[in-house]
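Student:
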Amino acid sequence: MRDQDYVRFLKAMLPSLGLCWPGYRKVHRTLGKRLRRRLAELGLDDLDAYRAQLATDPDEHARLDALCRIPISRFWRDRVVFEALGAEVLGALADACARRATRELRAWSCGCASGEEPYSLQILWRAEIQPRWPALGLGILATDADGHMLARARTGCYPRGSLKEMPDRLREPAFVRREGLFCLRPECRAGIEFAQQDVRVAQPDGPFDLILCRNLVFTYFARALQAALLERLVDRLRPGGGLVIGRGERLPIARPDLGRWVPDLPIYRRV
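Going from the sequence shown to my numbering is simple: count from 1 and add 513.
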């Protein structure tokens with residue numbers, strides 16, 4: 514089968530999963546390889562046979578949905594975003610929590626994949642924010658639809674390549690070397706809860722002071738679903754709280770209650 518056969522298949526099938534073709538344009542060859550392997554596992558000759566199976570097998574529909582996940586994750590992904598969180602956002606949120614006499618700042622990492630994002634946030638907090646607000650804790654809920662990714666996240670050990678963007682001043686105190694991997698110290702894993710949850714189906718209870726929803730909803734999901742989930746994200750965001758999306762993403766609709774917190778970066782504040 515030709516590459517364009519898989520492209521036509523994806524364009525036809527992605528909407529049934531609440532997904533959109535433009536988000537997959539750059540990674541469609543990766544999905545093509547996965548589909549080829551899946552057809553071989555099922556002993557099917559072509560995509561028409563696979564469509565027929567999808568029409569009668571709900572479990573296979575769920576398997577296709579899993580094949581369409583793109584779990585690209587690394588520590589300190591989009592370095593300027595984490596630098597802005599450390600320089601401008603987390604301190605302001607911590608100060609607001611202190612004024613409310615709140616003991617914990619709550620954050621949600623939506624689509625956390627193998628855990629690099631919530632761990633990056635925790636490492637940043639411990640190194641640069643907690644010394645200024647020692648009585649304030651950080652509680653992070655990290656969710657993802659993929660149980661295998663969450664199992665890797667809970668292990669907390671990563672290859673060197675996953676840490677290449679993290680500054681030395683943060684990386685060295687946070688990790689120990691173990692059998693060729695970089696493993697997080699126990700204190701950098703504390704305060705993070707991992708939970709399997711598909712954001713299209715359910716979302717955790719708020720309110721949160723900070724929500725990171727990067728390179729998932731506003732890249733791969735259909736536009737109507739993006740708008741609906743944006744509403745739910747904002748509902749779970751405390752007034753004055755921060756919403757962070759991916760650097761290559763845009764909000765699907767204008768929201769007067771979301772103002773740009775940091776110029777030229779996808780960090781918003783609920784006003």
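Every residue, glycine too, gets a C-beta built ideally from N, C-alpha and C.
#1: Candidates Arg727, Met526, His541, Glu700: which alpha carbon is nearest Gln517's?
#2: Near Ser675, what residues of its chain come up, given a Cβ to Cβ distance below 7 Å and the 5 sequence neighbours on each side ignored?
#3: How would you label Ser627, buried or exposed, when you count the other beta carbons within 10 angstroms and need 16 or more for buried?
#4: Tell me whether the beta-carbon of Arg619 lies closer than 7 Å to the beta-carbon of Asp770.
#5: What span of residues does the beta strand (DSSP E) with Ala620 cover, start to end?
#6: Shortest alpha-carbon distance to Glu678 belongs to which of Val593, Ala525, Leu523?
#7: With a CB to CB cut of under 6 Å and the five nearest residues on each side skipped, what residues in its chain are close to Asp591?
#8: Could you check how far apart the C-beta atoms of Ile758 and Pro776 are, in whole angstroms? I think they sit under 8 Å.
#9: Which residue comes first and which comes last in the alpha helix (DSSP H) that contains Cys533?
#10: Is DSSP giving Cys610 helix, strand or coil here?
#11: I'd like to confirm the pairing. Which residues does DSSP put opposite Gln487 in its beta bridges?
#12: How many angstroms separate the CA atom of Leu683 from the CA atom of Ile636?
#13: What are the boundary residues of the alpha helix (DSSP H) that Asp516 is part of?
#14: Report yes if the C-beta distance between Leu548 and Asp578 is below 7 Å; otherwise report no.
#15: For Arg782, count the other beta carbons within 10 Å of its own beta carbon; 16 or more makes it buried, fewer makes it exposed. Which is it?
#16: By Cβ distance, which residues of its chain are closer than 7 Å to Pro752, with the 5 residues on each side in sequence left out?
#17: With DSSP collapsed to three states, give me the class of Pro752.
#18: Once DSSP output is grouped into helix, strand and coil, what is the label at Val775?
#19: Have a look at the DSSP bridge pairing and note the partners of Val730.
#20: If we ignore side chains and look at the alpha-carbon of each, how far apart do Ala655 and Leu567 end up?
Tutor: Let's see:
#1: His541
#2: Arg587, Phe588, Glu629
#3: buried
#4: no
#5: 617 to 623
#6: Val593
#7: Arg760
#8: Their Cβ separation, rounded to whole angstroms, is 15 Å, which puts Ile758 and Pro776 out of contact at 8 Å.
#9: Counting along the chain, Cys533 falls outside any alpha helix (DSSP H), and DSSP gives it neither H nor E.
#10: helix
#11: The shown model of the chain, from 514 to 784, leaves out residue 487, and the question about it has no answer.
#12: 7 Å
#13: 516 to 526
#14: no
#15: buried
#16: Arg783
#17: strand
#18: coil
#19: Answer is none; Val730 lacks a bridge partner.
#20: 31 Å
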